[in-house]
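A.B. asks: Starting off with a structure, shown below.
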Amino acid sequence: MSEVDPPRPTGSRKRRRVFQACAGLVGLGTVGFGAYAVLVMLPRATGYAAKIACSAAFVTGSEPARVIEEELAAVGFVDVEFDHDAQTVQASVLGLARQRASHRRGAGCTLVHDDLPLALDLPAPPAPPRVDRAWPEGDAPDPREDPSGLDRAALEAALDAAIAEPDPAAPRRTRALVIIHDGRLIAERYAAGFDANTPLPGWSMAKTVTNALVGLLVARGELELDAPAPVPEWREGPSDPRAAITTSQLLRMSSGLQFEERYGPFGAGSDMLFVDESCAELAVSQPLVAEPGTRYAYSSGTANIVARIVRDRFEDPGAQLRFAQRELFEPLGIRSAVLELDPSGVFIGSSFALMSARDWARLGQLYLNDGVWAGRQLLPTGWVEYTRTPAPAAARGEYGALVQTNVGAPGQPEDRRLPSLPTDAFEMVGYEGQSVLIVPSRRAVIVRLGLTRAPATWDTDSFAAAVLASLPG
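Counting in the working numbering, the sequence shown runs from 634 upward without gaps.
Structure below.
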């Protein structure tokens, strides 16, 4: 077994980093805070480092030095060790709060809990065969000329601006751009080290993958949107009010459950993603704070409840991945998709799906096509309309069923998320600037993937407006 360690700071830099880590333990001068840091805060940091580094190195294929400099910049006090033979990453802080993530081909990276090894024993689902045709059927060059009315110079200028770094102190790190119009790939751009085949994380765009899986199960008659959600914990008592929550209310972030969408060292959301054995457990255990259906509150926790509902339709963790591959990715020609699991073997449907930019565009095109692909109705008739219709509880018309919408407040369409874009636009949105924007009235899908830590450095609204201005009407 060979280990590849990242470059280590030496001398004063090493002492400074050790001091920073120690300060997190005793900076307030209390034993209580030090214990809290070791038991609660540090596992969040090391779990984040192990999981994110594992996916970046072994799914995306980035070099360890780049992973440390870019993906792990926010947790520079964490030591990470890459084992390329075992396909694992181990993270700790001064030997404390040690966490390990392991990569399995076809199932991505999973944090390892010794008492729950099941998620690491999965055969990789087969990828669909390559087709020697232009996108979307394949990935061969498109021999056709530009469509009439396309302003190629303006489109290329928009992509140039999107991938440029105007402020080195606050890098936007755009990694991939793909522009689809009328079902054709008409432009794409990649940063150095990434290409058309590179699987890149979607973060919360995974929620729309979860939406698609639910749609497939609804089409098979295995789930009912308006029936009480099949969550056993809510049916254990005779009068648990949570038993009335429907699957649709979970999809629309209107369950009424308490959940704090907060991450980082003080956020319980970090436990959900980077510490807990089950990503659904935290949200399932929360009490009601509002009547179901009356209050919109963005919650990755409820997305993970939905993902567990999907998982429970199958016999084992591998079956859920094979279902996604067979019923969703293979028909779309998606070859790069990786759905990552929590330690209990459930797809982390809030946050962890990776695909190439072209494959994210294929998923977007499916929704642009109203769930139809190559003449076949993959998603149920009316599913996309349901998905992009704002939840009744979303006052600004900003959220549908695991997608963000752009309708605006009732009677006030100008009060919308993306004011420069049409009101029929809807979007898969993810942390660090991930976006698959679908604009039916312009027959367009616009994909942007990156690693943008400073939100002010990236503006989807202005970028997409520039792209749409270059496209035929």
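We treat Cβ as the ideally placed atom computed from N, Cα and C, and that holds for glycine. Since this is a predicted model, take the numbers as computed values, not measurements.
#1: At which residues does the alpha helix (DSSP H) containing I812 begin and terminate?
#2: DSSP on I967, reduced to helix/strand/coil?
#3: May I have the straight-line CA-CA distance separating P799 from D747, to the nearest angstrom?
#4: If you follow the beta strand (DSSP E) that L1082 is part of, which residue opens it and which one closes it?
#5: Are the Cβ atoms of P898 and A686 separated by less than 8 Å?
#6: Which whole runs of the beta strand (DSSP E) in the segment 1018-1096 are 3 residues long or more, in chain order?
#7: Taking D1094 as the reference, give the member of S1053, G1063 and A940 with the closest Cα.
#8: Have a look at the DSSP bridge pairing and note the partners of G900.
#9: For L744 versus P950, is the C-beta distance shorter than 8 Å?
#10: Leaving out five residues on either side along the sequence, give the residues of the same chain with a beta carbon under 6 Å from the beta carbon of R766.
#11: State the CB to CB distance for the pair L1001 and P1073, rounded to an integer number of angstroms; the pair is presumed to be in contact (CB under 8 Å).
#12: Under 7 Å Cβ to Cβ from A936, same chain only, skipping five residues before and after it: list those, please.
#13: Put C655 into one of helix, strand or coil per three-state DSSP.
#14: Count the other CB atoms within 10 Å of the CB of A1097; is the residue buried (16 or more) or exposed (fewer)?
#15: How far does the beta strand (DSSP E) with L675 in it reach, from first residue to last?
#16: How is Y1000 classed by DSSP in three states: helix, strand or coil?
#17: V692 to G741, Cα distance in whole Å?
#18: Roughly how many angstroms lie between the CA atoms of L675 and R895, to the nearest whole one?
#19: So G914 is in the alpha helix (DSSP H); what residue range does that whole segment cover?
#20: Provide the residue span of the beta strand (DSSP E) that contains Q1107, from first to last.
#21: According to the neighbour-count rule (16 or more other Cβ atoms, all chains shown, within 10 Å of its Cβ), is T1014 buried or exposed?
#22: Answer yes or no: do L850 and R822 have a C-beta to C-beta separation smaller than 8 Å?
#23: Could you tell me the distance, in whole angstroms, from the CA atom of V776 to the CA atom of L1101?
#24: Taking the Cβ atom as the reference point for each residue, do L965 and W1006 lie within a distance shorter than 8 Å?
#25: Which residue marks the beginning of the alpha helix (DSSP H) containing R944, and which one marks its end?
#26: Could you tell me if Q1067 is buried or exposed, where buried requires 16 or more neighbouring beta carbons within 10 angstroms of its beta carbon?
#27: Give me, in chain order, the residues of the same chain whose beta-carbon lies closer than 6 Å to that of S887; leave out the 5 immediate sequence neighbours on both sides.
#28: Beta-carbon within less than 8 Å of L705's beta-carbon, same chain only, minus the 5 sequence neighbours each way: which residues are those?
#29: Confirm, please, whether the CB-CB distance from V1069 to G997 is below 8 Å.
#30: Which stretch, first to last residue, makes up the alpha helix (DSSP H) that contains A790?
#31: Is V939 buried or exposed, if buried means 16 or more other CB atoms sit within 10 Å of its CB?
#32: According to DSSP, simplified to helix, strand and coil, what is E821?
#33: For I942 versus A862, is the C-beta distance shorter than 8 Å?
#34: Helix or strand or just coil, what does DSSP make of W768?
#35: Give the straight-line distance between the Cα atoms of V804 and R1086, rounded to the nearest whole angstrom.
#36: Are the CB atoms of E703 and L1084 nearer to each other than 8 Å?
C.D. replies: On the basis of the data shown:
#1: Segment T807 to H814 is the beta strand (DSSP E) holding I812; no alpha helix (DSSP H) there.
#2: coil
#3: Our two residues, P799 and D747, have alpha carbons roughly 46 Å apart in a direct line.
#4: A1077 to G1083
#5: no
#6: 1059-1063, 1067-1072 and 1077-1083
#7: S1053
#8: BP columns for G900 are empty, so no partner.
#9: No, the Cβ-Cβ distance between L744 and P950 is not below 8 Å.
#10: A773
#11: 6 Å
#12: K840, T843, G982, S983 and L1035
#13: Per-residue confidence for C655 stands at a pLDDT of 44, beneath the threshold of 50, marking its modelled position as unreliable; no derived number is given.
#14: Buried, because 16 or more other Cβ atoms sit within 10 Å of the Cβ of A1097.
#15: L675 -> not in any beta strand (DSSP E); alpha helix (DSSP H) instead, spanning L675 to S688.
#16: helix
#17: 6 Å
#18: 16 Å
#19: The question names Gly, but residue 914 in the sequence shown is Glu. E914 to V917 is the extent of the alpha helix (DSSP H) around E914.
#20: Because residue 1107 is not part of the residues shown, which for the chain are 634 to 1106, the question remains open.
#21: exposed
#22: no
#23: The sequence given here has Pro at residue 776, not Val. Near 23 Å, if we compare the C-alpha coordinates of L1101 and P776.
#24: yes
#25: Where R944 is concerned, the enclosing alpha helix (DSSP H) stretches over S933 to R944.
#26: buried
#27: G926, Y929, A1024 and A1026
#28: A682, I685, A686, V711 and V713
#29: Closer than 8 Å, so yes.
#30: R785 to I796
#31: buried
#32: strand
#33: yes
#34: coil
#35: The question names Val, yet the displayed sequence has Pro at residue 804. Taking the straight line joining both Cα atoms gives about 8 Å.
#36: E703 places its beta carbon less than 8 Å from that of L1084.
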